[in-house]
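Okay, so here's the structure we're looking at.
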Amino acid sequence: PAGTANPMLQKLLAAPLKSGLPQVQATSVRLYNGNKQLLMQAGDSESGDNSALKNAGPGQTAAAFWLSDRGSRYSVVRPLGNQTGRGYLEISFDPVFSLQHVAELTHLPLRIETLFGDTRFESEPWPAQSGNLQEIRYRVLDRNHVPVAKLTALDDFSSLYDATRQTRNTITAAFVALIGAVLLIAILLLNRFLFRPVQTMTSDMDRVASGAEADARLGDRALKEFHALANAFNRMNQQVQDIIERERQASEDIKGKVELIQDVVAMAAEGDLTGEIMVYRDQDIISELATGIQQMLNSLNSLVARIQQSGVQVTSSATEIAATAKQQEATVTEQAATTNQIKATVTEITATSKELLNTMNEVTEVAWKTSEGANAGRSSLQSMEKTMHQMMEATDSIGSKLAVLSEKAGNINTVVTTINRVADQTNLLSLNAAIEAEKAGEYGVGFAVVATEIRRLADQTAVATWDIEQMVKEMQSAVSAGVMGMEKFSEEVRHGVDDVRQVGSQLAHIIEQVDTLIPRFEEVNEGMNSQAQGGNQIRDAIVQLSESAQQTADSLRQSNGAIMQLNEAANRLQEGASHFRVSS
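Numbering (the working numbering), first residue to last: 241 to 824.
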């Protein structure tokens, strides 16, 4: 992770398998060949940008944190095999238990997201930001220092101010204790190196005054010791003052940074996003906070600028759409008036057509009664001919299908022969695989088992294909007999159809003379009926056109209302965005 300030969090995220956690939850185990192609797997089927598999190589184990379609994962890929054959073993873990443990150790609510903001894990319900409770975001990087996910934690910045006050109080208490200790030491030193030497000097002076020891001299040792004591006290006092001065400067530095951040945040709260925070290179939480707030202000600045630009574009587009909609509404109104006039004219034409149609219906009815007797015989004859044709077509269809069935049965024999050959080749391949597995030793035990199963399946396939071949031969024999029978029946049906066709031709010549007048009446009747239907269709179309024009006009009025609301919303959006000041 980049930019993390919590050592425990950094340790657990950088190496979750080495952090001494109580359990590890494996989600899947996969085996790849030397080209990193999946051979088999156990567990969940997952997809995603797994950088651990990409970075692994011969003799090189790789591990990485990545996001799959099922959640966050931590994968370890280890190479397997020797010079004759290589492969890779991948074990994937769910790091959610690590994050839960981190949340318990650091007392920080944690959340992991994709780079697009999709939440994949939350250690607890996410509280709202208020007061000194702020979000701290971390980037999770792979081995190539490319971001793969975002980790967000909530921290109370009041602890920073409490720590500063506690440090200042501790320094003050230490200073008071130090002054007391210095005073005690000074009293002891004065008693030893000042009061006693003074008493000694007084005694010496008394002895010199009394003349008992006229050659006694006043030693200057006491004065030198007092001078050294004064120098030591001065040096100690200077060191204490230096310590207090450094702590005061550090406190003022932190206070200045916090005040600068508060000023910029206050400007942003009032809508002024042009403020900038000086980015410090210090590795402390205040510098990281300043960097994060500056990035947030830059993002807000860009967002508000785009909103302002979009508001202007939406307002302009809504105005143009409103003008176009008004023009369309006027056009549709004129169209509705025209369709009403056409509707009245078509109604008159339809009434006249109905009268003519009634007259022609009466004439046609008389003609139909005349030809009913003649058509009765022809209908029966046509029904018989149709039935014979259907029988002939059915027999032809059955014969062709039986022929196709015989051909397909022959194709099945070809396929069965091919399957037998494949089974023989599979036996040879399984034998070769068993030999190669024996050469590979313990690494080929699994392949030996697979080769044995393949050989057993090949033997079963050979037995099954022999059974299929016998059944196909029996089916071909039965189909051949059926084809011969259907050909004979089809020939008899053709003779019957020819006889019916001759009788029908003779009856048709007789009925043709009777039906000469009927088509003429039907043509006239159909023409009048078509004219009447056309008039009705035109009338219905005009009615629908009129209704559509009315609905279109109503829709345009509603669209005008919606466009006005859109225009008002765009104006409110533009007005709201104009309160913000952004950098050019």
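The C-beta atom is built at its ideal place from N, Cα and C for all residues, glycine as well. Predicted model only: the values in this text are computed from it and were never measured.
Might you give, ordered along the chain, the residues of its own chain that have their beta carbon closer than 8 Å to the beta carbon of residue i, omitting 5 neighbours on each side?
i, result
"Arg-734", "Met-632"
"Gly-496", "none"
"Asp-309", "Glu-286, Ser-287, Gly-288"
"Glu-678", "Gly-684, Ala-688"
Which value, in whole angstroms, describes the spacing of the CA atoms of residue i and residue j?
i, j, result
"Asn-776", "Val-586", "8 Å"
"Val-737", "Glu-602", "40 Å"
"Arg-377", "Gln-502", "20 Å"
"His-182", "Glu-492", "Because the chain here runs from 241 to 824, residue 182 falls outside it and cannot be looked at."
"Gly-311", "Asp-334", "8 Å"
"Thr-658", "Trp-706", "12 Å"
"Ala-389", "Ser-287", "16 Å"
"Ile-547", "Leu-813", "8 Å"
"Gln-746", "Ser-640", "33 Å"
"Asp-289", "Ala-304", "10 Å"
"Asn-538", "Ala-296", "39 Å"
"Asn-660", "Arg-741", "55 Å"
"Leu-669", "Gly-681", "18 Å"
"Glu-560", "Ser-550", "15 Å"
"Val-655", "Gln-710", "13 Å"
"Arg-405", "Gly-283", "53 Å"
"Gly-774", "Ala-562", "40 Å"
"Glu-588", "Asp-739", "57 Å"
"Val-544", "Glu-353", "25 Å"
"Ala-781", "Ala-570", "22 Å"
"Leu-429", "Ala-490", "35 Å"
"Glu-485", "Leu-500", "22 Å"
"Pro-759", "Thr-627", "27 Å"
"Phe-415", "Gln-479", "11 Å"
"Ser-623", "Trp-608", "20 Å"
"Leu-423", "Asn-431", "12 Å"
"Thr-531", "Ile-494", "15 Å"
"Ala-393", "Gln-535", "17 Å"
"Val-783", "Gln-791", "12 Å"
To which residues of the same chain is residue i closer than 7 Å at the C-beta, ignoring the five residues directly before and after it?
i, result
"Thr-635", "Met-726, Phe-729, Ser-730, Val-733"
"Ala-558", "Ile-803, Leu-806, Asn-807, Ala-810"
"Gly-299", "Pro-319"
"Ala-470", "Note on Ala-470: pLDDT 46, under 50, position unreliable in the model; the coordinate value appears next. There are no such residues."
"Thr-555", "Asn-807, Ala-810, Asn-811, Gln-814"
Could you round the C-beta distance between residue i and residue j to whole angstroms and report it? I think they count as a contact, below 8 Å.
i, j, result
"Leu-350", "Leu-391", "7 Å"
"Glu-693", "Gly-684", "That pair is no contact at about 14 Å."
"Ala-691", "Ala-673", "4 Å"
"Val-723", "Leu-642", "5 Å"
"Asn-653", "Arg-695", "Contact flag wrong, Cβ pair sits at about 25 Å."
Cβ of residue i within 8 Å of Cβ of residue j?
i, j, result
"Pro-387", "Leu-355", "yes"
"Thr-592", "Arg-779", "no"
"Leu-645", "Val-719", "yes"
"Val-317", "Leu-278", "no"
"Ile-419", "Glu-487", "no"
"Gln-716", "Ala-649", "yes"
"Lys-566", "Asn-800", "yes"
"Val-498", "Ile-533", "no"
"Tyr-272", "Gly-327", "yes"
"Arg-270", "Glu-330", "yes"
Within the same chain, show all residues whose beta-carbon is closer than 6 Å to that of residue i, passing over the 5 residues directly before and after it, in chain order.
i, result
"Ser-332", "Thr-267, Ser-268, Arg-313, Ser-315"
"Leu-785", "Thr-579"
"Val-552", "none"
Could you give the DSSP three-state label for residue i: helix, strand or coil?
i, result
"Pro-349", "coil"
"Phe-305", "strand"
"Asp-284", "coil"
"Asp-512", "strand"
"Lys-390", "strand"
"Gln-742", "helix"
"Leu-329", "strand"
"Arg-486", "helix"
"Pro-759", "helix"
"Leu-279", "strand"
"Arg-408", "helix"
"Arg-310", "coil"
"Leu-271", "strand"
"Gly-357", "coil"
"Gly-321", "strand"
"Gly-297", "strand"
Any beta-carbon of chain B closer than 8 Å to the one on residue i?
i, result
"Ile-589", "Although the question refers to chain B, the structure presented lacks it and comprises just one protein chain."
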